[in-house]
Amino acid sequence: MDFSWMAWTLPTALFFLAIALMLVGMGVWEYVSPGGNPRVGVLRFETTRGDRLFVSLLGSAFIHLAWLGLVGANLWWALALSAIYAIGVFRYV
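Sequential numbering from 1 applies to the sequence shown in this note's numbering.
Structure (structure tokens):
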């Protein structure tokens with residue numbers, strides 16, 4: 001397999017590793033506690049753990065893109081804001 005089309009830097013590899021670990025963690029969580037823990041939150045429709053993970057990842061991508069466009073390339077604060085957002089999504093959505 002030729003992966004030369006992508007700039008494989010350490011941050012890029014860590015990003016994909018983190019996504020893979022989240023997916024594996026969610027799979028293990030689903031195996032241990034099947035059903036996805038559906039509940040109705042602020043969106044007023046039923047969501048599962050997988051739905052909340054997807055919404056938190058999507059929102060984090062938008063937070064990072066907005067940060068790049070409005071503030072600059074220092075993404076540590078965007079990462080902190082994304083973590084707070086993800087905690088809020090898993091708690092209230």
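Idealized CB from N, CA, C, for every residue including glycine. Keep in mind that this is a model prediction, so the values were computed, not measured.
Here Ala86 is buried, its C-beta having at least 16 other C-beta atoms within 10 Å. Annotation: the continuous alpha helix (DSSP H) that includes Thr12 extends over 10-32. For Thr47, the number of other beta carbons within 10 angstroms of its own is at least 16, and it is reported as buried. Restricting attention to Met22, Val32, Val28, Phe16, the CA atom closest to the CA of Phe54 is found in Met22.
Here the alpha carbon of Tyr92 sits roughly 15 Å from the alpha carbon of Ser82.
DSSP places Val55 in the helix class (H, G or I) of the three-state scheme.
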